[in-house]
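Number of protein chains: 2
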Amino acid sequence: MSGERRVTLADVAAAAGVSVALVSIVMRDAPGASAATRARVLEVARQLDYQPDSRARLLRSGQSRLLGVVFGVMHPFHDDLLTGLYDAAERVGYELTLSAVTPRRDERTAISGLLQDRCAALVLLGPRIPSAELATLAGRLPVVAMMRTVRQRQVDVVRTDDGRGLHLAVDHLVALGHQNIAHVDGGRWLSSAERRQGYREAMRGHGLQAYERVVIGGFGEEDGARAARELLDQPPTAVTVFNDLSATGLLDVLRRHGLSVPGDISVVGYDDSSFSRLAHIDLTTVAQDIETMTTLAVARAVERIEGAPVAHREMVIPPRLVVRGTTGQA
Amino acid sequence: MSGERRVTLADVAAAAGVSVALVSIVMRDAPGASAATRARVLEVARQLDYQPDSRARLLRSGQSRLLGVVFGVMHPFHDDLLTGLYDAAERVGYELTLSAVTPRRDERTAISGLLQDRCAALVLLGPRIPSAELATLAGRLPVVAMMRTVRQRQVDVVRTDDGRGLHLAVDHLVALGHQNIAHVDGGRWLSSAERRQGYREAMRGHGLQAYERVVIGGFGEEDGARAARELLDQPPTAVTVFNDLSATGLLDVLRRHGLSVPGDISVVGYDDSSFSRLAHIDLTTVAQDIETMTTLAVARAVERIEGAPVAHREMVIPPRLVVRGTTGQA
DNA sequence: CGACACGACTAGAACGTTCTAGAGTCGGAG
DNA sequence: CTCCGACTCTAGAACGTTCTAGTCGTGTCG
Numbered sequence: 001m002s003g004e005r006r007v008t009l010a011d012v013a014a015a016a017g018v019s020v021a022l023v024s025i026v027m028r029d030a031p032g033a034s035a036a037t038r039a040r041v042l043e044v045a046r047q048l049d050y051q052p053d054s055r056a057r058l059l060r061s062g063q064s065r066l067l068g069v070v071f072g073v074m075h076p077f078h079d080d081l082l083t084g085l086y087d088a089a090e091r092v093g094y095e096l097t098l099s100a101v102t103p104r105r106d107e108r109t110a111i112s113g114l115l116q117d118r119c120a121a122l123v124l125l126g127p128r129i130p131s132a133e134l135a136t137l138a139g140r141l142p143v144v145a146m147m148r149t150v151r152q153r154q155v156d157v158v159r160t161d162d163g164r165g166l167h168l169a170v171d172h173l174v175a176l177g178h179q180n181i182a183h184v185d186g187g188r189w190l191s192s193a194e195r196r197q198g199y200r201e202a203m204r205g206h207g208l209q210a211y212e213r214v215v216i217g218g219f220g221e222e223d224g225a226r227a228a229r230e231l232l233d234q235p236p237t238a239v240t241v242f243n244d245l246s247a248t249g250l251l252d253v254l255r256r257h258g259l260s261v262p263g264d265i266s267v268v269g270y271d272d273s274s275f276s277r278l279a280h281i282d283l284t285t286v287a288q289d290i291e292t293m294t295t296l297a298v299a300r301a302v303e304r305i306e307g308a309p310v311a312h313r314e315m316v317i318p319p320r321l322v323v324r325g326t327t328g329q330a
Numbered sequence: 001m002s003g004e005r006r007v008t009l010a011d012v013a014a015a016a017g018v019s020v021a022l023v024s025i026v027m028r029d030a031p032g033a034s035a036a037t038r039a040r041v042l043e044v045a046r047q048l049d050y051q052p053d054s055r056a057r058l059l060r061s062g063q064s065r066l067l068g069v070v071f072g073v074m075h076p077f078h079d080d081l082l083t084g085l086y087d088a089a090e091r092v093g094y095e096l097t098l099s100a101v102t103p104r105r106d107e108r109t110a111i112s113g114l115l116q117d118r119c120a121a122l123v124l125l126g127p128r129i130p131s132a133e134l135a136t137l138a139g140r141l142p143v144v145a146m147m148r149t150v151r152q153r154q155v156d157v158v159r160t161d162d163g164r165g166l167h168l169a170v171d172h173l174v175a176l177g178h179q180n181i182a183h184v185d186g187g188r189w190l191s192s193a194e195r196r197q198g199y200r201e202a203m204r205g206h207g208l209q210a211y212e213r214v215v216i217g218g219f220g221e222e223d224g225a226r227a228a229r230e231l232l233d234q235p236p237t238a239v240t241v242f243n244d245l246s247a248t249g250l251l252d253v254l255r256r257h258g259l260s261v262p263g264d265i266s267v268v269g270y271d272d273s274s275f276s277r278l279a280h281i282d283l284t285t286v287a288q289d290i291e292t293m294t295t296l297a298v299a300r301a302v303e304r305i306e307g308a309p310v311a312h313r314e315m316v317i318p319p320r321l322v323v324r325g326t327t328g329q330a
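Next up, the structure:
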């Protein structure tokens, strides 16, 4: 089974009766071959089912047109980000190579795998490693961090304006007549602080500082459920939650205690995760602009690789509100 | 930013005052170097922050210890499969390289990327391409298909015993006293036929052929919703559904029409997708044995690569039932 | 004391590409 | 008729590894 050696440029060259270099020229679509030979070589290559060896190719030609992406499994919208990154990379003629973070494979492992693959730059989705480490890494190749802030100026950042996201949520609720609006935060999770801060500012902007109330939450459904139980003794008329997952946990507890949503209480999530679109859950939420973010991340990586001058190191993208069924009149 | 050339074996060799070959020996942990030099070389390598170039390494050493994995974004439990595959690969000393299928990047593209990376075998998660094409592919390198059947005997298969899965579901419902049990199938989706067939057999096994009823469904939430509306005129007391996503759509329509679950009607999904665990949805479902499947898939790929004899081409793993809140007494 | 096995190390050829430098060929301008 | 430039093509050296076939000591054994 699957015995024979791979077919190489030399095989194609021999079969077509030309030199290896010429075949290389044709395969790369480089100038320096006549239309006639070009066609003939391509035909032979097709017949032999030649597949270029990207390893040898990259090895020789130094620069790799290869972007390494670190993503996390079971992470809301990392899938959407990957989709966008593939599109963006293809548009600028780059390849993507992926490395996943799983419950038993940490970020350092994922990154070191990519380094061995010699990709030209790294795009990290919501990296959790210390920013000092990111900076060190950025010393050897361009690094773009998505979905988080990094102070060190060696690393580029593409993220959503999370403060603004909470402004949108609060404004929406206020427009519906709510005043008593609580916030369930993300605990020690990435960008929890920005969202909490956005909530605080928005409340003050509406003169509602008297109603300001922040409950400690977290990333998961359980965290939302816990926060809901804490809110139940003196329920607000609306809640903004750190993310969608936590929001569903909260929703469940609220409903089990006889509160109707959005009748008694309105809920706004964050992320527009795929499950929040389920008719069942139908969660009003803050959506991040995936397409813009992925396009910018790839563009930035390429600029760094190619040594183009870069205007702003940190690119902060405004989110938008997606109104669904969990918010209503106060 | 990130100016200097990469550090190579030659750099380490020069700095340590030994030959390139010796450094290679040390890095590979191969026999042929004294403990003293070994330590010294490793120390120098660490200081220079040497990273092996996997490209060059694989290029030279023919066999690649590299498995290519094609997975789909936004696919229930592909993330869990990836997690398992990484674990399994690490246990046998292989690397994984990923290629994603997205809404705008098809399977052929994903596969051809991996072929260029010269991985030694392919593991495909629920491949949708024609099995003839899979067979051709298997002519050039070992191919393991997961989560689907393939008749062609060139390709290995690791899949769940989907027929058995529906037996489990029906048995469970019958044990709860149900007789009038309908099935919402997956339409033209992968393994829909096996599950439908399993349902039929199980019903007959219980002497319930009079109640057999199959409604055309599909993969998504909308398909489940449509099927639910079709069932509403003459509702059964229980339904088995092709997958969890479709089941949530069905649940939503049922509840909106005033039916209580599991009071009036019980529902069983399939896949144990992450969202089915949400307290909100709390779906009784059929879970596939991810760990066993991933372990076997990797083991099989490695056997093929290393030319070990293979006993069974197709490995069919029994699923298990996860009882949650959507099933109850008839 | 010579043969010889053994351990530590090295030189140089691969691997499949790309790239640099240059070799033919042809047509047209001088 | 010569020369030049444009065009097509080729030889051979890289790229960073691994692998094969050694070389050189050193110690053991007959």
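In the order they appear, the protein sequences are chains A and B. If you read the first sequence in UniProt numbering, its first letter stands for residue 1, the second for the next number, and so on. If you read the second sequence in UniProt numbering, its first letter stands for residue 1, the second for the next number, and so on. Glycine included, each C-beta is placed from N, C-alpha and C at the ideal position.
Starting from the C-beta of B:Val322, find all residues in its chain whose C-beta is less than 7 Å away, skip the five residues before and the five after it, and write them out in chain order. Asp272, Thr284, Thr285 and Ala287
Contact set between the stretch 106–118 of chain A and chain B, restricted to residues whose Cβ is under 8 Å from the partner: Ser112, Gly113, Leu115, Gln116, Asp117 and Arg118
Please compile the residues from chain A whose C-beta is within a distance smaller than 7 Å of the C-beta of B:Met27. The contacting residues do not exist; B:Met27 stays about 12 Å from chain A at best.
Helix, strand or coil, according to DSSP, for A:Ala297 in the structure here? helix
According to a CB-to-CB cut-off of less than 9 Å, which residues of the stretch 237–260 of chain B neighbour chain A? Leu245, Thr248, Gly249, Leu251, Asp252, Val253, Arg255 and Arg256
Same chain, Cβ closer than 7 Å to A:Arg200, neighbours up to 5 away in sequence not counted: Glu212
Between A:Ser266 and chain B, is there a C-beta pair that is closer than 8 Å? no
Please classify A:Thr240: does DSSP put it in a helix, a strand, or coil? strand
B:Glu90 - partner residues in DSSP beta bridges: Per DSSP, none; premise fails for B:Glu90.
A:Val323 by DSSP, collapsed to three states: which one? coil
Partners in chain A for B:Tyr86, counting only beta-carbon separations shorter than 8 Å: Ala100, Thr102, Arg104 and Arg105
List the endpoints of the continuous alpha helix (DSSP H) containing B:Met27. Val20 to Arg28
Counting only Cβ pairs nearer than 9 Å, list the residues of chain A close to B:Phe219. Correct list: empty, because the minimum Cβ distance to chain A is about 13 Å.
For A:Ala56, decide whether its Cβ has a neighbour in chain B, counting only Cβ atoms nearer than 8 Å. yes
Where DSSP assigns a beta bridge to B:Val157, which residues make up the other side? B:Ala145 and B:Glu314
What do you reckon, are the CB atoms on A:Met315 and A:Val158 nearer than 8 Å? yes
Specify whether the stretch 132–139 of chain A and the stretch 290–300 of chain A touch according to this definition: at least 3 beta carbon pairs, one from each stretch, less than 8 Å apart. no
For B:Arg313, count neighbouring Cβ atoms within 10 angstroms of its own Cβ and tell me buried if that reaches 16, exposed if not. exposed
Can a CB atom of chain B be found closer than 8 Å to the CB of A:Gln152? no
Note the first and the last residue of the continuous alpha helix (DSSP H) segment covering A:Ser54. Ser54 to Arg60
7 Å Cβ shell around residue 400 of chain B - same chain, five flanking residues per side excluded: In the structure displayed, chain B extends from 1 to 330; residue 400 of chain B sits before or after that span and is not available.
Quick test of the definition: if touching needs 3 or more C-beta pairs under 8 Å, does the stretch 217–237 of chain A touch the stretch 173–191 of chain A? yes
Looking at the unbroken alpha helix (DSSP H) that takes in A:Ile111, where does it start and where does it end? Glu107 to Gln116
Is there a C-beta anywhere in chain A that falls below 8 Å from the one on B:Ser2? Because the pLDDT of B:Ser2 is 40, which lies under 50, any placement of that residue in the model is unreliable, and the question is left without a value.
Which stretch, first to last residue, makes up the beta strand (DSSP E) that contains A:Gly177? Here A:Gly177 belongs to no beta strand (DSSP E), and DSSP marks it neither H nor E.
Which runs of the alpha helix (DSSP H), 4 residues or longer, sit entirely within the stretch 121–145 of chain A? 131–138
Near-chain A residues of the stretch 268–297 of chain B - C-beta to any C-beta below 7 Å: Ser274, Phe275, Leu278, Ala279, His280 and Ile281
Quick one: grab the DSSP three-state call for B:Ser2. With a pLDDT of only 40 at B:Ser2, under 50, the local geometry of the prediction cannot be trusted, and no value is derived from it.
Which term fits A:Gly3, buried or exposed, when burial requires 16 or more other beta carbons within 10 angstroms of its beta carbon? Its pLDDT being 45, under 50, A:Gly3 is placed unreliably by the model, and the measurement read from it follows with that caveat. That one is exposed.
Cβ contact check for the stretch 7–19 of chain A and the stretch 37–57 of chain A: 3 or more pairs under 8 Å: yes
Could you check if residue 412 of chain A is buried or exposed, using at least 16 other CB atoms within 10 Å of its CB as the buried criterion? In the structure displayed, chain A extends from 1 to 330; residue 412 of chain A sits before or after that span and is not available.
Please say whether B:Val302 and B:Tyr86 have beta carbons closer to each other than 8 Å? no
Local conformation of B:Ile265 per DSSP, three classes: coil
Taking A:Glu222 as the reference, which of A:His206, A:Phe242 and A:Leu250 has the closest Cα? A:Leu250
Quick check on B:Met146 - is its C-beta less than 8 Å from some C-beta in chain A? no
Within chain B, partners of A:Ala225 - CB distance below 9 Å: Ala279
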